[in-house]
Amino acid sequence: MMNQKIKNIFVKGAISPAFIGEKIAAHQSKTDIGGHSIFLGQVRADAVENKQVVAVDYTSYEVMALEQMVGIREMIIEKYSLNCMHVYHSLGRIRSGEICLFVFTSAPHRKAAIEACSETVERLKAELPIWGKEIFEDDSFQWKINQPA
Amino acid sequence: MMNQKIKNIFVKGAISPAFIGEKIAAHQSKTDIGGHSIFLGQVRADAVENKQVVAVDYTSYEVMALEQMVGIREMIIEKYSLNCMHVYHSLGRIRSGEICLFVFTSAPHRKAAIEACSETVERLKAELPIWGKEIFEDDSFQWKINQPA
Amino acid sequence: MAVKIQLYGKLKQVTGVSELILDAEDTDGLLKEFAARFPLIENLPCLIALDRTIVQTNTPIKAGQELALLPPYSGG
Amino acid sequence: MAVKIQLYGKLKQVTGVSELILDAEDTDGLLKEFAARFPLIENLPCLIALDRTIVQTNTPIKAGQELALLPPYSGG
């Protein structure tokens, strides 16, 4: 694992729709791609006992998360013969309605791109050491618990 | 079917990455959404007998396609309890590397958004009367044949 | 009965027209007439849409109905 | 052996520290020491990462290894 190139997936703050548009545009020169699949995680304003979530504060054990992601990336790119895969996860306080996760897979045919994207989302939720603290409007908080798929 | 609101899905020419970014941005006020799934179809520069595809020219029996899409949309929004669904398909000449299909589904949780997007892509490829003519660099052409998923 | 049919995709390209008047009472008769007029494309797979819905079995044609001959779809 | 462990997420918040020195020879011993120091969080589920890999069974700790206590993940 140590001799693999480790790509950073973390971005400070929310992932902007314009950034996503730019990443899509960067693939128009790759004319062997036939399909892109994208998953975006957006912070929900859930209500818990009459209080509304206004933001999620994300932290990570970053060194470990990036190492784990190297293995996930390699395995999935090979399994689905992807042209490429890009993953971005926010750190810090992301407000409701903002995007905190961006997974982007590209392949010659749609089935591979779609299945690779879905599998990447499941694996990173299960395997990357990242924690979300849900912040309510009165500044109280609770630790997020991921639902199984 | 006739009393349903018929939404236009057709756009003249390629779908721009900036347009996709704008559509994503338009969902940031919907704070009950937790996940978006997006599929993008991109024109591949396939080689056929040493000639390369430089573009696909799309035509449709538009009135029928839009009517069929009403049924697909309603069925999938209900089946997956989506917050919303958006579909755009290009007409006219789309060059290799450009985007000709944009399917965008949003739901409170990821599984519904992802499965709805995938099912919409399969259904529209199978059920919408749209035809692609692959244009080669020497202006010769062949009619596109869709691969089954 | 004279019925107007729309042609799409490869059928439009090969025949060189986007509409055609044929004499037919039902959808099987329409296909037979079409094949007689354009024998070279007899082997092209094609679907008939009657009022924008695909018909799978022979169906009588009524005055004013919208008819179209469609090659296999290749959108997306 | 004195070992330094990193704390994350709820474990960091509840203890109020991001690092801790504990005396342990293996990962089970480490968990026992940690529970003795912070009895209130004994019931919190947590994983041990040894050199950035989760260990599922009791594992001896060697000098210089990177240790971390991790609550259940909730990224994405």
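Chain order of the listed sequences is A, B, C and D.
Okay, so the first sequence: first residue is 1029 according to the working numbering, each after it adds one.
Okay, so the second sequence: first residue is 1029 according to the working numbering, each after it adds one.
Okay, so the third sequence: first residue is 1427 according to the working numbering, each after it adds one.
Okay, so the fourth sequence: first residue is 1427 according to the working numbering, each after it adds one.
Here a beta-carbon is modelled for each residue, glycine too, at the ideal position from N, C-alpha and C.
Min CB distance B/D1060 to chain A below 8 Å:
As a first step, residue 1060 of chain B must be located in the second sequence, where it is residue number 32. Yes - at least one Cβ of chain A is within 8 Å of the one on B/D1060.
Take the Cβ of A/E1095 as the centre, count every other Cβ of all protein chains shown within 10 Å, and call the residue buried at 16 or more, exposed below.
Your numbering for residue 1095 of chain A matches position 67 in the first sequence. It is buried - the Cβ of A/E1095 has at least 16 other Cβ atoms within 10 Å.
Taking a Cβ distance cut-off of 7 Å, strictly less, list which residues of the stretch 1139-1166 of chain B are near chain A, in chain order.
Answer set for the stretch 1139-1166 of chain B: K1139, I1142, S1146, V1149.
Starting from the Cα of C/G1502, find the closest Cα among B/Q1070, B/E1162, B/S1044 and give me that residue.
In the third sequence, counting from the first residue as 1, residue 1502 of chain C sits at position 76. The residue with the shortest Cα to Cα distance from C/G1502 is B/Q1070.
Within 7 Å: the Cβ of B/E1150 and any heavy atom of the ligand NAD?
Judged by which ligands are present, the structure shown has none, so any question about the ligand NAD falls away.
Please state the DSSP three-state secondary structure of C/L1476.
Against the third sequence, residue 1476 of chain C aligns to sequence position 50. C/L1476: strand per DSSP, three-state reduction.
First and last residue of the uninterrupted alpha helix (DSSP H) at B/I1104:
If you number the second sequence from 1, residue 1104 of chain B lands on position 76. That run of the alpha helix (DSSP H) goes 1090-1107.
Taking the alpha-carbon positions, what's the B/K1153 to A/F1169 distance?
If you number the second sequence from 1, residue 1153 of chain B lands on position 125. If you number the first sequence from 1, residue 1169 of chain A lands on position 141. Per the coordinates, the alpha-carbon of B/K1153 lies some 45 Å from the alpha-carbon of A/F1169.
Could you tell me whether the Cβ of D/L1466 comes closer than 8 Å to any Cβ of chain A?
As a first step, residue 1466 of chain D is located in the fourth sequence; it is residue number 40 there, counting from the start. Not an interface residue.
Assign A/G1063 to one of three DSSP states: helix, strand, or coil.
Reading the first sequence from its first residue, position 35 is the one you call residue 1063 of chain A. Taken through DSSP and simplified to helix, strand or coil, A/G1063 comes out as strand.
Contacts that C/G1435 makes with chain B (C-beta to C-beta distance below 7 Å)
Here residue 1435 of chain C is taken as the residue at index 9 of the third sequence, counted from 1. Residues of chain B whose Cβ lies closer than 7 Å to the Cβ of C/G1435 are, in chain order, T1087, W1159, W1171.
Grouping DSSP H, G and I as helix and E and B as strand, with all else coil, what is A/N1161?
In the first sequence, counting from the first residue as 1, residue 1161 of chain A sits at position 133. According to the sequence displayed, residue 1161 of chain A carries Lys and not Asn. Correct three-state label for A/K1161: strand.
Hey, how far is the Cα of C/K1436 from the Cα of B/W1171?
Working through the third sequence from its first residue, we reach residue 1436 of chain C at position 10. Working through the second sequence from its first residue, we reach residue 1171 of chain B at position 143. Spanning the two alpha carbons is a distance of roughly 7 Å.
Of the listed residues A/I1127, A/M1097, A/K1161, A/C1128, nearest to A/M1113 (C-alpha basis):
On the first sequence, residue 1113 of chain A is found 85 positions in, with the first residue counted as 1. Of the listed residues, the one whose Cα sits closest to A/M1113 is A/M1097.
Counterpart residues of B/E1143 in DSSP-defined beta bridges:
In the second sequence, counting from the first residue as 1, residue 1143 of chain B sits at position 115. The partner list for B/E1143 (beta bridge, DSSP) is empty, contrary to what the question assumes.
Between which residues of its own chain and C/A1489 is the CB-CB distance below 8 Å, once the five residues before and five after are set aside?
Here residue 1489 of chain C corresponds to residue number 63 of the third sequence, with the count starting at 1. Answer for C/A1489: M1427, listed in chain order.
Check this for me: beta carbons of B/H1064 and B/I1048, under 8 Å apart or not?
Start at 1 with the first residue of the second sequence, and residue 1064 of chain B comes out as number 36. Start at 1 with the first residue of the second sequence, and residue 1048 of chain B comes out as number 20. Not closer than 8 Å, so no.
What does DSSP give as the partner residue(s) for A/V1115 in the beta ladder?
In the first sequence, residue 1115 of chain A corresponds to position 87, counting from 1. In the DSSP assignment, A/V1115 is bridged to A/V1131.
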